[in-house]
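Visitor:
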Amino acid sequence: MFKFFSYKSINQYKTTIKEINKLYYIIKQYSNSELKKQTEKLNLEIIKDNADLDQILIEAFATVKEAIARATGIILFDVQILGGITLHKGNIAEMKTGEGKTLVALLPAYLNTLNSKNVHIITVNDYLAKRDAKLAQTVFNYLNIQTGVITSTTNYYDRKKEYKQNITYITNNELGFDYLRDNMAINSNDIIQGNLNYAIIDEVDSILIDEARTPLIISGETTISDKLYAKSKETSQKLEKKIHYQVDEKSRNVILTEKGVSLCEQILNIQNLYNINSPWLKYIINALKAKELFLKNKDYIVKNNKVVIVDEFTGRIMEGRRWSDGLHQSIEAKENLKIEKENKTLASITYQNLFLLYKKLCGMTGTAKTEENEFLNIYKMSVIEIPTNKQCIRKDLSDLVYQSEYSKWKAITNECVDMNQIGRPTLIGTTSIEKSELLANMLDELNISYNLLNAKPENTNKEADIISEAGRKYRITISTNMAGRGTDIILGGNPNNIIQENIKNYILSNSYMNLNNYNIDSIQNILNDTEVKALNNFIKKAIQENQDISEIVEEIINQKNYDKLYEISQKFSYEFTKICDQEKQEILDLGGLYVIGTERHESRRIDNQLRGRTGRQGDKGTSRFFLSLQDNLFRIFGGNNIKTLMKNLKIDDNTPIESIVLSKSLNNAQKKVEAYFYDIRKQLFEYDEVINNQRKAIYRERKAILNSYFTKDCIIEYGEYTIKEMIRLYDKDKKNMGVLKQIVQLLNIQQNISIETIKTMKIKDLEQILFQQFRISYDLKETYLEQLRPGLIRQLEKYYLLQQIDKAWQDHIERMNLLKEYIGWRSYGQQEPLVEYKNEGFHLFINMTTYIRQTVIYLIMRSRLIIDLPN
């Protein structure tokens, strides 16, 4: 039974899992009301015995295991319990596709919500958040635990409610933007998120690795002339690649040559393109990036006359997201679309620093081992490989490499034709929309039917259905990147989905109106006349009550009250499961699901995600990659040696090379790319650490002001700091009287202070007198405003404090971004850019805090308010 405990890291939990299973058989005897009381009992143990979570882990996990069994009929495997322990310990559980990660997350989520703390389960898209939350609620109904769900369509008031639930399902984007919005709130009641205690991240590699290069940004519009973009686009079209500019595909950057700079200056009629007061350089570079590096139907699509970003790792469209620094506008100019206003960063954070705010963090995925060092170094999480419940017997065949891309696609098409003839289900993974449509067109020419899944809106709506059907006979499925799809490919099909589809088709066909007119064979073959009549009567009644089709289907499947309908749903379940099992066996006899990769990705992990779609739960399966020397990985990271070899051996276009040495060299190329991107992410993290510490300080100050009623102490503190800073300047500047006049003006001190007296004073005495004068002036101001309207001074204080902190912080982010952009040049002067960035960033931060204090004091001391009082 415990054969998998040969692993050292896993072996230590062998006894724990035995204890959980032992207790599970006792809890199994509990009634539903006794099971529900378990939550209260465990909470009391924490409070009464001051127990930590590890002490109640065994009982909590056994309780959830039974709740899952009652809600779904699924009894957790030992490896799933092991996955749950791994997550509770704050590590990453690497579990292969189809091993039941969704249910595994419920174990640590329940345990960690017992001490009245909120748990966040983070998913990669709205569909998964809704689906998983629905499943979780059916389980937690047995345990008196409430789950919430937040998607892009959840409104503000509902968000606040959902965050207060014990366990909240949310997408990574929504979590990040809510955090930033909370730290821009101007009223403490507007804060919705609460404390960040414990997070379980699904598809952890996708979120913490793939998306870590792109910070989350909340932007505000600025006014920039459209003419700059139009003229830059026109200029970029006159520049020639390799003559006027070089394209670095590795770093996705464009560098102008001397000839290019001269031509730009000539076209734009300017003296110096690099003049600090000239705006053109940024716009020219962005126009060239749009021209060379950002391709339609790969990096973005045009939808409703708008440029919509396509996620390079998941192939999904990212509604509402825009590239920053004017790049998005340059792409709009390239596509001749309306140019939206450029954005100014109001608040930003990287995923790395966002998730490090949690007191405890863990994650799960099918592919994380290749990035283990990064998880350990940045997030302090170890990657634990959880063994599969059944041994994986998938065959990963060696790559086939063709000379030309055309030969490769021809070979893939022929392979699809062969698989279609024998009925073996085939999944083809492509790297872009363009490539997926190319293959689709080639299959159209041969009259081969297929399902297409890419970022185009007409396909994304059917995502889960297409993937769940990909394991059926004769199915050819073409898909862009398969990362984080979250839906299992079940050989022979998912009986529940097929039942739903059949009942839905039966209702839509209107065949229930005429008992002699069946056009849905499966319904006709399964039910007798009496059962058909009962089903028809139920459907007619539901339609008369204006019920939605999906609701009717769900009621038929889950009906437990109406005896005849319960019999029908049981009959459907039995018959369709039998049909699916039979089809599954036929597919296994053919070799299982066949996965074809059409290009190696920059990361081995993304390739493994595609391979992992087959061989689920011990099923047979095969994967193979078809490559060409014109693929990006060969082209950018070296394929000349292989090309020379193929020429010397006089290998024709249609003959592929199949070699273990070749596969190893590709793996090495991918390792180099992974190391390169890891360095970029590490550098981003190191640079962002500087601004992250500043962000924490600013947000801490902001939160204190927001939650404080009596803000006068803060104003007095700001005033005294300002006096100290200016007195220091006065002393340093050989007692320059101009500085003293500035202090009097800034603090609006009304009393005349003799300059002669001041000259003879000690610095410490002068400081104390000015402190006293400031307090007197402020008390007078407070009295005046309180007479106008009680409580007005407190409102004014809070308004000026928050307004100036936000304004200064936004300007500071802009300066820090500019500093980061130009600091790299310091390396030419034998200076370490990161050290210089830290030093200059520190000085900029000090200047910002000084500016905030001085501006707040000036505004509040010199404000003139006219209040219209009612007659």
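Per my numbering, residue 12 is the first one in the sequence shown, and the count goes up by one each step. Ideal Cβ placement from N, Cα and C applies to all residues, glycine included.
What number of angstroms, rounded off, separates the C-alpha of S127 from the C-alpha of Y36?
Guide: As a working mapping, residue 127 is identified with position 116 in the sequence shown. As a working mapping, residue 36 is identified with position 25 in the sequence shown. Roughly 27 Å separates the two Cα atoms.
Visitor: Measure the C-alpha to C-alpha separation of I579 and E542 and round it to an integer number of angstroms.
Guide: Position 568 of the sequence shown, counting from 1, holds the residue named residue 579. Position 531 of the sequence shown, counting from 1, holds the residue named residue 542. Straight-line Cα distance between these residues: approximately 7 Å.
Visitor: State the beta-bridge partners of I103 as determined by DSSP.
Guide: On the sequence shown, residue 103 is found 92 positions in, with the first residue counted as 1. Answer is G374 and V394.
Visitor: Report yes or no: do three or more beta-carbon pairs, one from the stretch 428-447 and one from the stretch 600-607, lie closer than 8 Å?
Guide: Yes: the two stretches touch, three or more of their Cβ pairs being nearer than 8 Å.
Visitor: Closest to I857 by CA distance: which of L64, R706 and I85 is it?
Guide: In the sequence shown, the residue the question calls residue 857 occupies position 846. That would be R706, whose Cα lies nearest to the Cα of I857.
Visitor: Going by Cα to Cα distance, which pick from M859, T113, N718 and N703 is closest to A358?
Guide: Taking the sequence shown and counting its residues from 1, one reaches residue 358 at position 347. The candidate whose alpha carbon is nearest that of A358 is N703.
Visitor: Would you kindly check if the distance between the Cβ of L207 and the Cβ of H131 is under 9 Å?
Guide: Residue 131 sits at position 120 when you count from the first residue of the sequence shown. Residue 207 sits at position 196 when you count from the first residue of the sequence shown. Contact: yes.
Visitor: Starting from R635, follow its DSSP beta bridges and name the residues at the other end.
Guide: In the sequence shown, residue 635 corresponds to position 624, counting from 1. The partner list for R635 (beta bridge, DSSP) reads I607.
Visitor: Am I right that T50 and N152 are in contact with their C-beta atoms under 8 Å? What's the rounded C-beta distance?
Guide: Locating residue 50 in the sequence shown gives position 39, counting from the first residue. Locating residue 152 in the sequence shown gives position 141, counting from the first residue. Not a contact, Cβ separation roughly 12 Å.
Visitor: Tell me which residue opens and which closes the alpha helix (DSSP H) that D216 is part of.
Guide: In the sequence shown, counting from the first residue as 1, residue 216 sits at position 205. Per DSSP, D216 belongs to the alpha helix (DSSP H) from V215 to L219.
Visitor: Looking at the secondary structure, which residues open and close the beta strand (DSSP E) in which D259 lies?
Guide: Translated into positions along the sequence shown, residue 259 becomes position 248. Start and end: Y256 to D259.
Visitor: Run through the DSSP bridge pairs and tell me what I509 is partnered with.
Guide: To locate residue 509, count along the sequence shown from 1; it is residue 498. The partner list for I509 (beta bridge, DSSP) is empty, contrary to what the question assumes.
Visitor: How is D429 classed by DSSP in three states: helix, strand or coil?
Guide: As a position in the sequence shown, residue 429 is number 418, starting the count at 1. Looking at D429 - three-state DSSP - the assignment turns out to be helix.
Visitor: Apart from the five residues just before and just after M12, which ones in its own chain have a Cβ nearer than 8 Å to its Cβ?
Guide: Looking up residue 12 in the sequence shown gives position 1. Residue placement at M12 is flagged as unreliable, the pLDDT there being 35, under the threshold of 50; a coordinate-derived value is accordingly withheld.
Visitor: Bridge partners of I131, per DSSP?
Guide: Residue 131 sits at position 120 when you count from the first residue of the sequence shown. One point to set straight first is that residue 131 is His, not Ile, in the sequence displayed. Paired residue(s): T179 and A210.
Visitor: Just to confirm the assignment, what range does the beta strand (DSSP E) spanning I312 have?
Guide: Here residue 312 corresponds to residue number 301 of the sequence shown, with the count starting at 1. Residues Y311 to K314.
Visitor: Between the Cα of Y138 and those of K809, Q841 and D476, spot the shortest distance and give me the residue it belongs to.
Guide: Looking up residue 138 in the sequence shown gives position 127. The candidate whose alpha carbon is nearest that of Y138 is D476.
Visitor: Restricting to Cα atoms, I'd like to know which of R333, Q414 and V394 is closest to D663.
Guide: Looking up residue 663 in the sequence shown gives position 652. Considering only alpha carbons, the answer is Q414.
Visitor: Going by Cα to Cα distance, which pick from G111, K171, K355 and V135 is closest to Y146?
Guide: On the sequence shown, position 135 is the one that residue 146 refers to. Checking the sequence, you will find Leu at residue 146 rather than Tyr. It is G111.
Visitor: Starting from I726 and walking both ways along the alpha helix (DSSP H), at which residues does that stretch end?
Guide: In the sequence shown, counting from the first residue as 1, residue 726 sits at position 715. First-last of the alpha helix (DSSP H) with I726: K723 to K743.
Visitor: In this structure, does DSSP put A545 in helix, strand or coil?
Guide: Counting from 1 along the sequence shown, the entry for residue 545 is found at position 534. A545: helix per DSSP, three-state reduction.
Visitor: What is the residue span of the beta strand (DSSP E) that N462 lies within?
Guide: Numbered from its first residue, the sequence shown carries residue 462 at position 451. Element bounds for N462: N462 to L464.
Visitor: Name the one or two DSSP bridge partners that S359 has.
Guide: For the purposes of this step, residue 359 is taken as residue 348 along the sequence shown, with counting starting at 1. According to DSSP, S359 bridges with I228.
Visitor: Using 9 Å as the limit for Cβ to Cβ distance, is L250 near chain D?
Guide: Of the protein chains in this structure there is only one, and it is not chain D.
Visitor: Look at I212 and L219 and say whether their C-beta atoms are less than 9 Å apart.
Guide: Counting from one through the sequence shown, the residue named residue 212 turns up at place 201. Counting from one through the sequence shown, the residue named residue 219 turns up at place 208. In this structure, L219 lies closer than 9 Å to I212 by Cβ.
Visitor: Given a threshold of 16 other Cβ atoms within 10 Å of its Cβ, counted over all protein chains shown, does L526 qualify as buried or as exposed?
Guide: As a first step, residue 526 is located in the sequence shown; it is residue number 515 there, counting from the start. Here L526 scores only 38 on pLDDT, less than 50, and its place in the model should not be relied on; the value that follows carries that caveat. Label assigned to L526: exposed.
Visitor: With a threshold of 7 Å on Cβ separation, who are the neighbours of K809 within its own chain once the five nearest residues in sequence on each side are excluded?
Guide: Residue mapping note: residue 809 aligns to position 798 of the sequence shown, counting from 1. Taken in chain order, the residues that qualify are I716 and T722.
Visitor: Relative to the alpha-carbon of D169, which residue among I780, I203 and F583 has its alpha-carbon at the smallest distance?
Guide: Here residue 169 corresponds to residue number 158 of the sequence shown, with the count starting at 1. The shortest Cα separation from D169 among I780, I203 and F583 belongs to I203.
Visitor: Buried or exposed for P290, going by 16 or more other Cβ atoms inside 10 Å?
Guide: In the sequence shown, counting from the first residue as 1, residue 290 sits at position 279. Its Cβ having fewer than 16 others within 10 Å, P290 is exposed.
Visitor: Going by Cα to Cα distance, which pick from K849, N516 and Y732 is closest to D699?
Guide: Reading the sequence shown from its first residue, position 688 is the one you call residue 699. Nearest option by C-alpha distance: K849.
Visitor: Is the distance from the Cβ of N183 to the Cβ of M392 below 9 Å?
Guide: The residue given as residue 183 occupies position 172 in the sequence shown. The residue given as residue 392 occupies position 381 in the sequence shown. Cβ atoms of N183 and M392: not closer than 9 Å.
Visitor: Buried or exposed for F637, please, with buried defined as at least 16 other CB atoms from any protein chain shown within 10 angstroms of its CB.
Guide: Taking the first residue of the sequence shown as 1, we reach residue 637 at position 626. Burial call: buried.
Visitor: What are the start and end residues of the alpha helix (DSSP H) that includes K33?
Guide: Along the sequence shown, read from residue 1 onward, the residue named residue 33 stands at position 22. Looking at the DSSP string, the run of the alpha helix (DSSP H) that includes K33 is K25 to I38.
Visitor: Is the stretch 364-373 touching the stretch 327-341 in the sense that three or more CB pairs, one from each, lie closer than 8 Å?
Guide: These segments do not touch.
Visitor: Pull up the distance between the alpha-carbon of K171 and that of Y190, whole angstroms please.
Guide: Stepping through the sequence shown from its first residue, residue 171 is reached at position 160. Stepping through the sequence shown from its first residue, residue 190 is reached at position 179. Each residue's alpha carbon lies about 12 Å from the other.
Visitor: What is the C-beta distance between L463 and S447, in whole angstroms, given that I count them as a contact (C-beta under 8 Å)?
Guide: One-based indexing of the sequence shown puts residue 463 at position 452. One-based indexing of the sequence shown puts residue 447 at position 436. With 8 Å as the limit, L463 and S447 qualify as a contact, their Cβ atoms being about 6 Å apart.
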